[in-house]
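Take a look at the structure set out below.
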Amino acid sequence: MQQFIQTLVNGLTTGSLYALIALGYTMVYGVLKLLNFAHGDLFMVGAFVGYFAIGWFGGATSLVIPAWLLVIIMLTVASLGVGGLGVAIERFAYRPLRNAPRITPLITALGVSFVLENSVLLLFGGLTRYYNTPAFIPFSVSIHIDGVSIGIVQMLIFGGSIALMFVLLQLVNKTVLGKSMRAVASDREAAEMLGINVDHTIAMTFFIGSAMAGAAGVMYGLYANQVANLIGFLAGLKAFTAAVVGGIGSIPGAMIGGMFIGLCESFSLSYISTRYGDLTVFAILIAVMLIRPTGIFGRAPLQKV
Amino acid sequence: MSPIGVDEWVARSDDRAEQHSGALGVLARLYGRTTWWQRILVLAALGLIFGQIGANGFQQNVAFNAVLYAILAVGLNIVVGWAGLLDLGYIAFFGIGAYGYALLSSHALGSLLTQTGGLELPTIAAVPIVLVAAAIAGVLIGLISLRLGGDYLAIVTLFFGLAFFEFVNNVDQANLGGNNGIIALQPWHGFGGTIRSTIGYFYVGLIVLLVLMALLHLLNESRTGRAWRAVRDDELAAKVMTIPINAVKVMAFAFGAVVAALAGTLFAAQQTNVFPTNFQSTTLILIYACLVLGGVGSVGGAVLGGFVVWIVEQMLGSPTDEGYLFYGLILIAILWRVRPWRTLAGMLAAIIGGGLAVHAIVGAISSKAIGGQVGSVGWIGSVMKHWVIVPHAHAETFGNILFVLLICALVGIIRLNGIRRLAASVPAVYLAACCWESRLSVDPAITAQIMVGAILIVMMAARPQGLLGTRRVEVV
């Protein structure tokens, strides 16, 4: 029982991270119908930005500012930086392909992902970097119930992702920007005719989506305590599956899909096999995609002929 | 072809306007005039000549791998180019071929530790078994494509490819290799002979490639080929035309799988070992780069792409060639894009003169700032030493900063037009040269990967039909 609850808690934590990445995925996919393979790598860049932010403020063991301030700064800097990077990628790689056949931007996305991974490898080397989180956020700060421990970082991730989802939901449903995003998503040409600045809307979508991936990267770094240049690709794929499970284009769906994938992963790792853990996850993902490609909250798109 | 031919004629007007004059145009027209069997004969002759000139071991290896990647790209072209199904698990079929061959012709099914037992089948039995297995796997994966299309298919097949890697990386080490791989395979043997040399495998690969090219050409012209293209262009219309789209899609997957598996057996036999890391997504992206560069949908393009990408990849690995490649590409790009001649001459003069001036000014301020070791060797290195800035200390950090600046500059340049773009290109080229000398040429393996990614991005934006492909005209 104790192990079950601990697994549940861990699953919800990783699930929140997947959900955060999936939110960005689902927004970009909703607006552009583009499977942005580079989204996972933006998450990785965010984790690296967070790592360097720790260094700017004296390193993990000798911080010059309080830990809570550092976390806020890390999240802010990573969100803004990665958001900007996302906008640049959209401008440079994806915008020229707006009206190209569907396969073209997919291959570009693979290329962007490859360039990002290897640029980080060139700039920072292939060594795994350690956040050394316990030095500034002691793991003793956690809730212990019956031997189940819920760390403060885990609570931060869970609470933070719920809060971000709430903000995003309000943004999409209540603001003018959100309205134009939905308009562009449902019919780009018609939106343009109605005077919506499509380029600006798409750029903003990329900014918000990438910023969330950046924040997720920092949270991942705090939680897993390490970053490397290859963490992004797989996390991005799982997040995309999360978005699909929840129904692509749906924000609560991405959240629930992320939780689902996170729970699948943590339960298969602790109950089925550690050796074939990833393999089990892949099998589940393939099965989910095959059984319900429209997801829990999504609905099959009507095809006009 | 199309009943509303006028529209197509209008749609292709850009292509005609783009037709090259001069040497490139002659080459393009020559290629257009040759028939398919003439191209195959030319390729065969080139291969024979290469075999006779006595290339060294490294060159032989490069040639073998170029042929291997050409085969892989040709196979991928069936699924992606003709049937229009984005198969990102293609690498798994390559792996199934290699691992299948490894299991059947080594001690793997006995004990790898003591190198005893196992099947050790003769090649003539092992390869067909592997191909049949791959075809079955291809059909199974192809069944997915009946239910999912587009991006969903891409992601599921990608998971399949990743699952293959995870699987072979984690299986039992003692008799299936695990992350240690399977070693000491038998080379291809039979009919009283054994192929051991790289050049031998080069010939085998070349023959496989030529036969494949001929077969695939015939297949493409056949009813099946037309059905594939019909399904690619409009699934619904194809269905209405009573094309059995399910069978056609599954067949495309199976054909692609068999070609990839054949390449896998060759790869395994030439290496005489297989490792899980051979079948990661890096290789997949390399194969995609081959296909995209050559032109999706064209067999000749896939072959050309395979050669070009692999040779570029290998040239970057050699300290003397990488400089030629890098500066050659920049020079070609400038010579190609900048017209008229006066502007071209002005731009070259600005690049060279500006570089010398910057070098002199920085040198006058501090001699240490230009005292670093340039990355290039040979005469390029000794020329570049007097032109670029490489600081004596912290050259790596300097190069990293330049790399980031260079990326920013490239993103900025595409927003400019006309003379402004040319003007902005001058410092960008100098920046690129400095970055190359201080950082990129030091880590050629990573640079090669970045360049492969860049090829994909740039090709998709500038010329999505690739070098030899024909642009798909959508007549609405």
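Note that the protein sequences, when read in sequence, are chains A and B. Heads up, the working numbering is the position in the first sequence plus 1334, with the first residue counted as 1. Heads up, the working numbering is the position in the second sequence plus 6, with the first residue counted as 1. A virtual CB, placed ideally from N, CA and C, is assigned to each residue, including glycine. Bear in mind that the values here come from a model prediction, so they are computed numbers and not experimental data.
Identify whether residue i lies in helix, strand or coil by the three-state DSSP scheme.
| i | result |
| --- | --- |
| Ser1447/A | helix |
| Gly387/B | helix |
| Val394/B | coil |
| Arg235/B | helix |
| Phe1600/A | The residue you asked about is not Phe; residue 1600/A is Ser in the sequence shown. Note: Ser1600/A maps to helix in three-state DSSP. |
| Gly103/B | helix |
| Thr1410/A | helix |
| Gln1560/A | strand |
| Gly1485/A | strand |
| Ser117/B | strand |
| Tyr1352/A | helix |
| Arg445/B | coil |
| His1534/A | helix |
| Ser1476/A | strand |
| Arg1463/A | strand |
| Thr129/B | helix |
| Leu1395/A | Correcting the residue type first, residue 1395/A is Thr in the shown sequence and not Leu. If DSSP states are grouped into helix, strand and coil, Thr1395/A belongs with coil. |
| Thr248/B | coil |
| Thr1608/A | coil |
| Thr122/B | strand |
| Pro470/B | coil |
| Lys1572/A | helix |
| Gly381/B | coil |
My assumption, with CB atoms under 8 angstroms, is that residue i sits in contact with residue j. Please give the rounded CB distance.
| i | j | result |
| --- | --- | --- |
| Val394/B | Glu443/B | 5 angstroms |
| Val210/B | Leu137/B | That belief does not hold up - the Cβ atoms of Val210/B and Leu137/B are roughly 15 angstroms apart, past 8 angstroms. |
| Gly1392/A | Val1398/A | 4 angstroms |
| Ala1548/A | Val1383/A | It should be pointed out that residue 1548/A corresponds to Gly in this sequence rather than to Ala. Yes, Gly1548/A and Val1383/A are in contact; Cβ-Cβ is about 7 angstroms, under 8 angstroms. |
| Phe1377/A | Gly1566/A | 5 angstroms |
| Tyr1385/A | Val1561/A | 6 angstroms |
| Gly98/B | Gly167/B | The sequence given here places Ala at residue 98/B; Gly does not occur at that position. At roughly 5 angstroms, the Cβ-Cβ gap stays under 8 angstroms, so Ala98/B and Gly167/B are in contact. |
| Ile1590/A | Leu1357/A | Wrong, their Cβ atoms sit about 12 angstroms apart, outside the cutoff. |
| Thr129/B | His195/B | 6 angstroms |
| Ala1525/A | Ala1517/A | 4 angstroms |
| Gly459/B | Gly1445/A | 4 angstroms |
| Gly116/B | Gly123/B | 2 angstroms |
| Gly1481/A | Gln1336/A | 5 angstroms |
| Ala1573/A | Ile1355/A | 4 angstroms |
| Ile102/B | Ala131/B | Wrong, their Cβ atoms sit about 17 angstroms apart, outside the cutoff. |
Would you mind sorting residue i into buried or exposed? The rule is 16 or more other CB atoms within 10 Å of its CB.
| i | result |
| --- | --- |
| Pro1468/A | exposed |
| Leu33/B | exposed |
| Tyr1363/A | buried |
| Pro1472/A | exposed |
| Val1501/A | exposed |
| Thr230/B | buried |
| Gly303/B | buried |
| Glu1523/A | exposed |
| Ser1453/A | buried |
| Ser431/B | buried |
| Ala1550/A | buried |
| Ala308/B | buried |
| Asp157/B | buried |
| Pro1400/A | exposed |
| Tyr1554/A | buried |
| Ile1595/A | buried |
| Pro346/B | exposed |
| Glu1424/A | buried |
| Met1527/A | exposed |
Cβ contact (3+ pairs, closer than 8 angstroms) linking the region 43-54 of chain B and the region 286-301 of chain B: Note that the region 43-54 of chain B does not touch the region 286-301 of chain B; fewer than 3 beta-carbon pairs, one per stretch, sit closer than 8 angstroms.
Quick one: any contact between the region 430-444 of chain B and the region 357-366 of chain B, if contact means 3 or more CB pairs under 8 angstroms? Yes, since at least three Cβ pairs between the region 430-444 of chain B and the region 357-366 of chain B fall closer than 8 angstroms, the two stretches touch.
Segments of 3+ residues assigned as beta strand (DSSP E) that fall wholly inside the region 266-344 of chain B: Every candidate beta strand (DSSP E) stretch fails here, since none sits fully inside the region 266-344 of chain B while reaching 3 residues.
Assess contact between the region 255-269 of chain B and the region 73-84 of chain B, defined as three or more Cβ pairs (one per stretch) separated by less than 8 angstroms. Is contact present? The region 255-269 of chain B makes contact with the region 73-84 of chain B, as at least three CB pairs between them are under 8 angstroms.
contact_flag[the region 458-471 of chain B, the region 1432-1452 of chain A] where n(CB pairs < 8 angstroms) is 3 or more: Using a C-beta cut-off of 8 angstroms, the region 458-471 of chain B makes contact with the region 1432-1452 of chain A, since at least three inter-stretch Cβ pairs fall below that distance.
Write down every uninterrupted run of the alpha helix (DSSP H) in the region 154-236 of chain B whose length is 4 residues or greater and which is fully enclosed by it, in chain order. The region 154-236 of chain B contains these whole alpha helix (DSSP H) runs: 156-176, 179-182 and 204-227.
What ranges does the alpha helix (DSSP H) occupy inside the region 36-111 of chain B, keeping only unbroken runs of at least 4 residues that lie completely in it? Counting only runs of 4 or more, we get 42-58, 63-82 and 96-110.
Meets three-Cβ-pair contact criterion under 8 angstroms: the region 200-218 of chain B and the region 56-63 of chain B: Touching, per the Cβ criterion.
Contact between the region 154-168 of chain B and the region 93-109 of chain B: three or more CB pairs below 8 angstroms? Yes, they touch.
Between the region 172-191 of chain B and the region 246-254 of chain B, can you find at least three pairs of beta-carbon atoms closer than 8 angstroms? Two segments are said to touch when three or more pairs of C-beta atoms, one from each, lie closer than 8 angstroms; by this definition the region 246-254 of chain B does not touch the region 172-191 of chain B.
Are there three or more Cβ pairs, one per stretch, closer than 8 angstroms when the region 1596-1605 of chain A is compared with the region 1336-1348 of chain A? Taking 8 angstroms as the limit for Cβ pairs, the verdict is that the region 1336-1348 of chain A does touch the region 1596-1605 of chain A.
In chain order, what are the residue ranges of uninterrupted alpha helix (DSSP H) at least 4 long that sit wholly in the region 1484-1517 of chain A? Segments of the alpha helix (DSSP H) lying fully in the region 1484-1517 of chain A: 1486-1508.
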